[in-house]
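For the sequence shown, my numbering assigns the number 4 to the initial residue and increments by one for each residue that follows.
Note that CB positions come from ideal geometry on N, CA and C, so glycine has one too.
A quick note: this is a predicted structure, and the numbers were derived from the prediction, not measured.
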Amino acid sequence: MGNKNEISFDYMAKSLPFPIDEVKHNGDQQDASYALKLVPIMEELNQEVLAVKNLAAGSYQLSIDGKEMGNFTAQDLSQGINLASIHQTPQYLQAMEVLNKNEERGSIERETRDYAVQVYSYARPNGIKQDNSKESWEKMRELKKTNGWINNDLYERGSDPKYQQSLQDKMDKLTDEIYTINKPVMHKIKLIKIN
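Given below as structure tokens:
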């Protein structure tokens, strides 16, 4: 739909853009966006190109779902602009929501793996067969005196079957949420000539 100064259309991508996490984690020296300087991720893996040919010369305001995304020349639009590089698009924000939920799920999963390390690297090799008992906790506290890698709080908390189940339930819930929100949806693209 459109006229000589405005064009709009519905658009649904085949996939969400690849979100670039700009937060440092776990003592990282750089955030994930630093990788863009080292690897051509945007050029080779993260393309959501909007190309509109035969526009009258001038600048155009791009909006998606009624929200302004920026101004682009007719030449830029003819060559194509990579929507994946615009971090305020609805689809990019949706991808960031998926990323954030997956990071939350990953931190819970990390705790279950860290607990397994306590069990299989320290408890089992030292003869502890039953983890959810005061005797096993006492033995692990004794072992901690000579092994700084033992984490008694994690071992005791993680040995509780109810706690283990609560972690699994949280991971399952987040996984279900991720699979609910990770699908592209229809968007309204609009270009308005501004000069």
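Residue i - partner residues in DSSP beta bridges
i, result
"K191", "D13"
"V101", "In DSSP, V101 forms no bridge with anything."
"T76", "S62"
"I84", "L53"
"K27", "Its beta-bridge partners do not exist; DSSP assigns none."
"K196", "Y63"
Pick from the options that is closest to residue i, judged by C-alpha positions
i, options, result
"M99", "F12, L19, D13", "L19"
"P93", "I153, D68, R160", "D68"
"N8", "G109, P22, L58", "L58"
"L96", "G130, D24, G73, K176", "D24"
"A16", "I192, K196, A60, W152", "I192"
"I89", "T76, P22, Y125", "P22"
"Q171", "M189, G130, R113", "R113"
"Y14", "N103, L177, S66, Q167", "S66"
"S110", "L177, D31, P187, D34", "L177"
"R116", "M189, V188, S162, G30", "S162"
"D134", "E145, N103, P164, K147", "P164"
"K173", "I10, G151, E106, K196", "E106"
"L199", "G130, Y37, V26", "Nothing can be reported for residue 199, as the shown portion of the chain is limited to 4 through 198."
"N185", "N198, K104, E145", "K104"
DSSP-derived helix/strand/coil call for residue i
i, result
"E71", "strand"
"Q64", "strand"
"N8", "coil"
"L41", "coil"
"P93", "helix"
"S18", "coil"
> Is it a yes or a no for the region 77–96 touching the region 50–67, going by three-plus beta-carbon pairs under 8 Å?
Replying inline: Counting C-beta pairs closer than 8 Å gives three or more between the region 77–96 and the region 50–67, which meets the contact rule.
>> Suppose only complete runs of 4+ residues qualify. What are the alpha helix (DSSP H) ranges in the region 109–185, listed by chain order?
In response: 137–147, 155–161, 164–184
> Is the region 38–47 touching the region 180–188 in the sense that three or more CB pairs, one from each, lie closer than 8 Å?
Replying inline: At 8 Å Cβ cutoff, the stretches do not touch.
> Do the region 112–122 and the region 141–159 meet, that is, are 3 or more Cβ pairs less than 8 Å apart?
Replying inline: yes
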